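Remember, the working numbering sits 465 above the position in the sequence shown when you count from 1. Take a look at the structure set out below.
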Amino acid sequence: ELIRHRANEADAARVVTLGALTRALDGEHLSEMAALKQAGCVGVANALKPLASTRIGRRAFEYAATFDLTVFLHADDPALSIDGCLHEGHTSTRLGLRGIPEAAETVAVARDLALIQQTGVRAHFCRLTTERAVRMVARAQFDGLPVTADVATPYLYLTDLDAAEFNPDFHFIPPLRTQNDRAGLINGLREGTLNALCSDHQPHEEDAKLAPFPATEPGASGIDTLLPLTLKLVQEEHLTLSDAIARVTCGPAAVLNMPCGELSVGRVADICIFDANAHWQVNPGNLLSQGKNTPFTGWEMPGQVRYTLRDGHIIYTREAR
466 ELIRHRANEA
476 DAARVVTLGA
486 LTRALDGEHL
496 SEMAALKQAG
506 CVGVANALKP
516 LASTRIGRRA
526 FEYAATFDLT
536 VFLHADDPAL
546 SIDGCLHEGH
556 TSTRLGLRGI
566 PEAAETVAVA
576 RDLALIQQTG
586 VRAHFCRLTT
596 ERAVRMVARA
606 QFDGLPVTAD
616 VATPYLYLTD
626 LDAAEFNPDF
636 HFIPPLRTQN
646 DRAGLINGLR
656 EGTLNALCSD
666 HQPHEEDAKL
676 APFPATEPGA
686 SGIDTLLPLT
696 LKLVQEEHLT
706 LSDAIARVTC
716 GPAAVLNMPC
726 GELSVGRVAD
736 ICIFDANAHW
746 QVNPGNLLSQ
756 GKNTPFTGWE
766 MPGQVRYTLR
776 DGHIIYTREA
786 R
């Protein structure tokens, strides 16, 4: 209720909420999912916190299925990823950094797919990073499991090689992977295995990126570059324009089971109007986010938002900046 109240006061973007899968995200005690759904939560998640056991996971999935709540999953086996900060491979070895293996993601995906099959819960994998995990989800979808997945834009353009100079702007969790993984993610987006594209917006204060690479806060400011990087997929002929737009509109809306993301009579008039022919260069000074940390500094980007409408009312104009 507090989140919705603050969102309404801000009178800006539409905000929807996920409830906690376990109480206080402790990974052990199931949350009051009935109350969370009644309060307006569109799904449940345990954020980046692991569940205490597979048994707890099974019980949580069964409980969520009872209330027809989608479970949003962070695919990670903490026993394999603990203290890691970069993809486990040649780059992490050369830099002397603890790596996070591909198996940290694929083991978690395999476990969760087995539980999804057993419980029938509707589930969504957030920010997949490996080609193998995408293939596992594709097979599950083919078999009829109620599962969807997304990818964040940085993973479609960057790899672990970009972190070779210890630049903390390339510190992500889950980590940037290999060129083969990058290609697999793009293919998964093209084929529709990955139903949605997200920004994974994690803005930080400048101090959060000043420590040695492993000690810096992971993540980057991503909301300003979501549209440009989506259009860049079209520019590079990975996706058609309609498919690219679908991955950030009706695709996410379907995952959230919300009646939006389409231009049709009777639908909610949440609309973004952009200039696809505009070009700009990324630098901290022209990012609207208060967090200026981005791995795309200096990149030439296509596309700029001109107007944003919510419920048919203009809430942002570029001219008013």
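Ideal Cβ positions, reconstructed from N, Cα and C, are used throughout, including at glycine. Note that the structure is a prediction, hence the values are computed from the model and not measured.
Only counting the same chain, and skipping five residues up and downstream in sequence, which positions put a Cβ closer than 6 Å to that of residue 757? 749
Best match in 541, 762, 764 for proximity to residue 519 [C-alpha to C-alpha]: 541
Sequence ranges, alpha helix (DSSP H) only - wholly within the region 696-745, length at least 4: 706-711, 715-721
Taking the CB atoms as reference points, tell me whether residue 709 and residue 695 lie closer together than 8 Å. yes
From the DSSP output, in three-state form, read off residue 622 for me. coil
Let's test the definition: count the other Cβ atoms within 10 Å of the Cβ of residue 607 and tell me whether it reaches 16, buried, or not, exposed. exposed
For residue 615, count neighbouring Cβ atoms within 10 angstroms of its own Cβ and tell me buried if that reaches 16, exposed if not. buried
In or out: residue 555 buried (at least 16 other Cβ within 10 Å) or exposed? exposed
Considering only DSSP beta bridges, list what residue 537 is partnered with. 510, 589
Check residue 501 in the structure and name its three-state DSSP category. helix
Going by Cα to Cα distance, which pick from 716, 775, 476 is closest to residue 613? 716
Top-ranked residue by Cα proximity to residue 503, from 512, 483, 521, 603: 483
Whole-angstrom C-beta distance between residue 737 and residue 770, which should lie under 8 Å: 6 Å
Can you tell me where the alpha helix (DSSP H) holding residue 662 begins and where it ends? It is not in any alpha helix (DSSP H) - residue 662 instead sits in the beta strand (DSSP E) that spans 661-663.
Cβ neighbours of residue 653 in the same chain (closer than 6 Å, five flanking residues each side left out): 599, 659
Cα separation between residue 765 and residue 622? 13 Å
Cβ-based burial, residue 471 [other Cβ within 10 Å; buried from 16]: exposed
Around the C-beta of residue 712, are 16 or more other C-beta atoms found within 10 angstroms, so that it is buried, or is it exposed? buried
Touch test, the region 531-547 against the region 579-590, Cβ-Cβ under 8 Å, three pairs minimum: yes
Measure from the alpha carbon of residue 663 to the alpha carbon of each residue in 618, 559, 480, 703, then state which is nearest. 618
For residue 626, collect the residues of the same chain with a Cβ closer than 7 Å to its Cβ; drop the 5 residues on either side in sequence, then sort them by chain order. 556
Is it a yes or a no for the region 633-640 touching the region 678-686, going by three-plus beta-carbon pairs under 8 Å? yes
Kindly indicate which three-state DSSP category residue 641 falls into: helix, strand or coil? coil
Taking a contact to mean a Cβ-Cβ separation below 8 Å, would you say residue 543 touches residue 515 in this structure? yes
Hey, could you find the ends of the alpha helix (DSSP H) residue 543 is sitting in? 543-546
Output yes or no for whether 8 Å exceeds the beta carbon distance between residue 571 and residue 595. yes
Tell me whether residue 555 sits in a helix, a strand or coil according to DSSP, three-state version. helix
Excluding the 5 residues preceding and the 5 following residue 478 in the sequence, name in chain order all residues of the same chain whose CB lies nearer than 6 Å to its CB. none
Does the distance from the C-beta atom of residue 693 to that of residue 760 stay below 8 Å? no
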